[in-house]
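Numbering-wise (this note's numbering), the sequence shown opens with residue 9 and increments by one.
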Amino acid sequence: MAAALGLALGLGALLAPPNPAEASAPGSPVAVSRVEAGRTVVAAASPSLSRPKLTGSIRVGSRLRANVTTTGRKSDFLHYEWLRDGKPINGAAETVNYNVKKADLKHRISVRVTATFVGGVTLVSTSAKTEKIRPRLIDDPTSGQVVVNKRRPLKPKTFVPLALTMPRGIANNGQPVRPSVARAIEKMHKAARADGVGLRMISGYRSYALQRQTFNAYVARDGVRAAETYSARPGYSEHQTGLTVDLGGYEGCDFDFCFASTKTGKWLKKNAYKYGFIMRYPNGSQKITGYIWEPYHFRYVGTKVAKNMKKKKIQTLEQYRGLKAAPNYG
Ligand SMILES: [Zn+2]
Numbered sequence: 009m010a011a012a013l014g015l016a017l018g019l020g021a022l023l024a025p026p027n028p029a030e031a032s033a034p035g036s037p038v039a040v041s042r043v044e045a046g047r048t049v050v051a052a053a054s055p056s057l058s059r060p061k062l063t064g065s066i067r068v069g070s071r072l073r074a075n076v077t078t079t080g081r082k083s084d085f086l087h088y089e090w091l092r093d094g095k096p097i098n099g100a101a102e103t104v105n106y107n108v109k110k111a112d113l114k115h116r117i118s119v120r121v122t123a124t125f126v127g128g129v130t131l132v133s134t135s136a137k138t139e140k141i142r143p144r145l146i147d148d149p150t151s152g153q154v155v156v157n158k159r160r161p162l163k164p165k166t167f168v169p170l171a172l173t174m175p176r177g178i179a180n181n182g183q184p185v186r187p188s189v190a191r192a193i194e195k196m197h198k199a200a201r202a203d204g205v206g207l208r209m210i211s212g213y214r215s216y217a218l219q220r221q222t223f224n225a226y227v228a229r230d231g232v233r234a235a236e237t238y239s240a241r242p243g244y245s246e247h248q249t250g251l252t253v254d255l256g257g258y259e260g261c262d263f264d265f266c267f268a269s270t271k272t273g274k275w276l277k278k279n280a281y282k283y284g285f286i287m288r289y290p291n292g293s294q295k296i297t298g299y300i301w302e303p304y305h306f307r308y309v310g311t312k313v314a315k316n317m318k319k320k321k322i323q324t325l326e327q328y329r330g331l332k333a334a335p336n337y338g
């Protein structure tokens with residue numbers, strides 16, 4: 009017990025940062041010490057190297073940048089060494105930027121910077137580790153930008169959104185959506201009503217289990233080949249993200265092609281993008297999306313993306329994100 013305690017204390021002392029209060033105590037002649045980004049910078053005249061700070065997004069495919077400041081004249085360039093869980097990453101040295109790779113997923117990245125100053129002084133400083141690296145937005149089911157199709161199942165397939173809620177003021181079938189989607193639906197519903205158009209939510213979030221049940225029911229009714237043109241296998245449904253709704257009006261045609269020619273269907277085709285929704289399975293895009301035309305199935309992507317797609321005249325998320333077509337499960 010005593011030995012263990014001694015060891016713990018010893019380690020603690022070894023790891024403890026220098027106490028800045030000691031150097032800059034009131035009345036002390038050494039008044040130039042200050043604490044900067046977690047390290048003590050002593051005497052303004054001597055060379056210093058700040059602790060590197062990382063900026064950028066901690067997602068696969070994003071770029072991290074190391075930011076340091078030095079004082080004093082350097083005799084050499086700054087040297088960077090990028091670390092994964094504290095160990096040097098092969099081939100990731102000498103550059104101020106680091107492109108986050110797939111291999112970094114769920115690991116933590118940091119950078120070690122070495123500065124050599126005139127007079128031979130060398131200072132080394134290592135940044136804090138990032139949080140665990142996250143997947144690309146389009147691969148991350150928690151992201152509002154995730155792309156799900158027959159070649160891109162949810163990961164994990166049993167994914168459940170963190171928060172789900174019912175939009176207020178609109179007729180619905182009891183299936184919730186993510187809060188951001190609920191707010192957007194409420195706005196869109198209000199705008200439609202102002203134009204004299206009725207809007208109903210006829211489906212929203214479906215869990216893995218419910219999707220399995222739904223898909224199996226369609227297979228039993230129409231056979232697997234037909235069912236797969238309009239219904240997803242569990243784990244492959246956009247409805248499981250909580251970002252997708254099926255919409256209806258008050259002229260019939262629920263879940264039907266003829267919805268496109270109803271007042272509501274026409275209004276949505278023209279206006280949904282203003283509220284961040286896209287018709288996810290447009291007419292004639294089955295070879296890309298894997299699904300027949302569904303004029304009632306709308307995916308929330310946010311107003312920025314929806315407006316951008318409209319501006320660029322791009323109809324499918326696959327094309328917008330430069331992804332391969334997903335006509336089938338492959
Ligand atoms: Zn749908």
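Just so it is clear, CB atoms sit at the ideal spot from N, CA and C, and this is done for glycine as well.
Values in this document were obtained by computation on a predicted structure and should not be read as measured data.
The continuous stretches of beta strand (DSSP E) do not include Ala171, and DSSP gives it neither H nor E. Pairwise C-beta distances place the region 136-146 out of contact with the region 95-103, as fewer than three of them are shorter than 8 Å. Ligand 1 approaches His247 closely enough that one of its heavy atoms is under 7 Å from the residue's Cβ. Residue Arg307 holds the alpha-carbon nearest to the alpha-carbon of Lys282 among Gly69, Gly206, Gln294 and Arg307.
The residues Thr270, in chain order, have a CB closer than 6 Å to that of Glu259 in the same chain once the five nearest residues on each side in sequence are set aside. In the three-state scheme derived from DSSP, where H, G and I count as helix and E and B as strand, Val132 is classed as strand.
The Cβ-Cβ distance between Val185 and Tyr216 does not fall below 8 Å. Across the set Arg159, Ile296, Ile286 and Gln248, the C-alpha of Ile286 shows the shortest separation from the C-alpha of Thr311. Gly273: member of the alpha helix (DSSP H) spanning Lys271 to Asn279, first to last residue. When beta bridges are read from the DSSP output, Thr122 appears opposite His87 and Val132.
Ranked by how close their Cα comes to the Cα of Thr134, the residues Lys277, Asn181 and Val121 have Val121 in first place. Gly298 is a Cβ neighbour of Ala334, given a cutoff of 8 Å. Taking a cut-off of 8 Å for Cβ pairs, the region 107-127 and the region 70-85 touch, as three or more such pairs fall below it. For Pro290, the CB contacts under 6 Å within the same chain, skipping 5 residues up- and downstream, are Gln323 in chain order. With the rule of 3 Cβ pairs closer than 8 Å, the region 140-153 counts as touching the region 61-69.
Taking the CA atoms as reference points, Asn224 sits about 21 Å from Gly182.
For a cut-off of 8 Å, the C-beta gap from Pro164 to Tyr244 is around 12 Å, too long to register as a contact. If you look at Val232, you'll find it in the alpha helix (DSSP H) that goes Val232 to Tyr238.
Ranked by how close their Cα comes to the Cα of Pro242, the residues Ile296, Lys274 and Thr222 have Thr222 in first place. Relative to the non-hydrogen atoms of ligand 1, the Cβ of Thr252 comes within a distance shorter than 7 Å of at least one.
Taking the CA atoms as reference points, Phe263 sits about 11 Å from Ser239.
The beta-carbon distance between Ile210 and Gly256, rounded to whole angstroms, is 4 Å. This is short enough to meet the 8 Å contact definition. Checking the 7 Å criterion, the Cβ of Ser188 is out of range of every heavy atom belonging to ligand 1.
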